[in-house]
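Residue numbers (our numbering): 27 to 135.
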């Protein structure tokens, strides 16, 4: 949201937070056990969510790269290929290829 950072994800199981002005990596987000195919930045620009073939959704701090939340797709975990923050900065919506979209709000994490 502030145009100072760019976030990328990769098949190497990491996501990276880049400084746009210097074109350098500020943080490498590690912890997924399979390629990361989905990511989003929260509307308020404070968090990043990643979704992976490892069936996990992880929420990270954009400011320091720290892992904030780690959760699995429910009820039957499946690879997750897309994830989005809701406009309220608390709701996560993802597609695990099951029977439509799944979601969770901040208080349910």
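Backbone N, C-alpha and C fix where the C-beta goes; we use that ideal spot for every residue, glycine too.
Here the structure is a predicted model, which means the values were calculated and not measured.
Collapsing the DSSP output to three states places residue 73 in a strand. With 16 or more other Cβ atoms inside 10 Å of its own Cβ, residue 84 counts as buried.
Setting aside the 5 residues that flank it on each side, residue 70 is surrounded in the same chain by 115, each with a C-beta closer than 6 Å to its C-beta; the list follows chain order.
Per DSSP, the continuous beta strand (DSSP E) segment holding residue 43 begins and ends at 40-45. Annotated three-state conformation of residue 91 is coil, per DSSP.
Pairing residue 49 with residue 30 gives a Cβ-Cβ distance that is not under 8 Å. Closest option to residue 36, judged by alpha-carbon separation, among 92, 58, 45, 104: 58. Assignment of residue 96 by DSSP, reduced to helix, strand and coil, places it in the strand class.
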